[in-house]
Amino acid sequence: APAGIVAGSPVASTDCKTTNCDRPGERPSDDMPLTLALFAHDFNLLFWRQLLRLHWVVDSWQLDAASTGSFLSFELRYDAPTSVAPDPDGGWRVVGFFTAATVLQQRRRTPLVPPHPPPGRATVLDVPYSQ
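Numbering (the working numbering), first residue to last: 57 to 187.
Right, dumping it as structure tokens:
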């Protein structure tokens, strides 16, 4: 699936398209956030969970359950290095999340925007940019 190819390498696949950099894999500017979300059938989400060795738990679901309407998202984040040791990635990290509405939110067809409670969200990945 085309979304799967992009999700496999979210930073390298999308940063040049959004920032007009000269070379693939070049980091975007500090002030430009980058997010990639992967919406798929439960089987596809479980495939990506296995491929990337991810695990998640969100409210009212069992461990690693891929519920209706759930999704994976990946964000490129910048944190200014605070240690004296040089950071080879310059503070850039890739953070992944799994988001899913609770069983009760789905049953009641609750909107997932304020003032209603947000869906459950689990951090599934937090690695340096180069990994």
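We put the CB at the ideal spot given by N, CA and C, even for glycine.
- Going along the chain, which residues of its own chain have a beta-carbon closer than 8 Å to the beta-carbon of Pro170, five neighbours each way excluded? none
*asked:* Quick check: what's the CA-CA separation for Arg163 versus Trp117?
replied: Cα-Cα distance, rounded: 13 Å.
Helix, strand or coil, according to DSSP, for Val180 in the structure here?
strand
- Item | Nearest neighbour of Leu119, chosen from Arg105, Leu132, Gly125, Ser129 [CA to CA] | Arg105
So what's Cys72 in DSSP terms, helix, strand or just coil? With a pLDDT of 40 at Cys72, under the threshold of 50, the predicted position of this residue should be treated as unreliable, though the coordinate-derived value follows. If DSSP states are grouped into helix, strand and coil, Cys72 belongs with the helices.
How many Å lie between Leu132 and Trp148 at the Cα? 7 Å
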